[in-house]
Amino acid sequence: MKRIGENIKHYREQRNLSQQELALKMRVGVSTIEKYESGEQLPDTLSILKFSTVLDIPASELLEKRRTASSCMDSELEELIQEAGIKRAKLILRKTNE
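Going by full-length UniProt numbering, the residue at position 56 of the sequence shown is 56; the numbering climbs one at a time, nothing skipped.
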């Protein structure tokens with residue numbers, strides 16, 4: 001479950017925290033944060049709840065795959081094509097790019 005570690009790192013960096021600062025807030029060693037972020041070690045349930053509190057995010061955010069802006073855009077484009085049809089969707093895209 002490397003995803004949890006990637007999410008921890010993402011939200012830590014988003015809050016401009018170093019690994020050392022996060023470790024202090026979590027009351028764990030820096031090496032523990034490093035292991036979590038690298039996927040070498042999985043945090044237990046209590047640690048996930050602590051991360052949730054310290055990073056001010058729902059615990060589920062640490063467990064889920066983050067959606068990138070491009071994947072959100074891809075989903076919106078697929079929906080547009082399904083609703084409008086391919087020819088109309090191309091026309092709409094052409095007009096928005098002008």
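All C-beta atoms in this analysis are idealised placements derived from N, C-alpha and C, irrespective of residue type, glycine included.
Going by the beta-carbon positions, is the gap between residue i and residue j smaller than 8 Å?
i	j	result
K57	Y36	It should be pointed out that residue 57 corresponds to Ile in this sequence rather than to Lys. It is not a contact, given that the beta carbons lie outside the stated cut-off.
L63	R15	no
R3	K87	no
Which residue marks the beginning of the alpha helix (DSSP H) containing residue i, and which one marks its end?
i	result
A30	Looking at the sequence shown, residue 30 is not Ala but Val. Start and end: V30 to S38.
G5	K2 to Q14
S60	A59 to L63
residue 115	Only positions 1 to 98 of the chain appear in the structure, and residue 115 is not among them; the question remains open.
Given residue i, which residues of its chain have a CB within under 7 Å of its CB, disregarding the five upstream and five downstream residues?
i	result
S70	Its pLDDT being 48, under 50, S70 is placed unreliably in this model, and the value from its coordinates should be taken loosely. Within the same chain, S70 has no close Cβ partners at all.
To the nearest angstrom, how far is the alpha carbon of residue i from that of residue j?
i	j	result
Q82	L91	14 Å
Q41	S47	12 Å
H10	E61	11 Å
K50	D44	10 Å
M26	G39	18 Å
What's the call for residue i, buried or exposed, on a 16-neighbour Cβ count within 10 Å?
i	result
G5	buried
R12	buried
Counting only the same chain and skipping the five closest in sequence on each side, list residues whose C-beta sits under 6 Å from that of residue i.
i	result
I33	Q19, L22 and A23
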